[in-house]
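What follows is a short report on a single structure.
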Amino acid sequence: MKLLISVLVLLCLTQPLLAEDRPPNFIVIFCDDLGYGDLGCFGHPTIATPHLDQMAAEGQKWT
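Taking the working numbering, the leading residue of the sequence shown gets 737, the next gets one more, and so forth.
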């Protein structure tokens, strides 16, 4: 049992050394008067938002 705990503690202590050095990339776009369907990526038929559509296609869309 002591060996198992020792191995777990050792793994927990060495994990930060193995982590990547680069920070994660986050882009948060907050618009006050923008509705759910006002972007092309959410299906608006006439408003063209090609750059936002590309970002939405390559990432995550949260509503």
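Just so it is clear, CB atoms sit at the ideal spot from N, CA and C, and this is done for glycine as well.
Check, Outcome
"So, helix, strand or coil for A755, using DSSP?", "coil"
"Can you have a look at L739 and say buried or exposed, based on whether 16 or more other CB atoms are within 10 angstroms of its CB?", "exposed"
"On the three-state DSSP scale, how would you describe L785?", "Sequence check: residue 785 is Thr here, not Leu. Coil."
"By how many angstroms is the C-alpha of Q796 removed from the C-alpha of N761?", "12 angstroms"
"Would L775 be called buried (16 or more neighbouring beta carbons within 10 Å of its own) or exposed?", "buried"
"May I have the straight-line CA-CA distance separating H787 from P752, to the nearest angstrom?", "36 angstroms"
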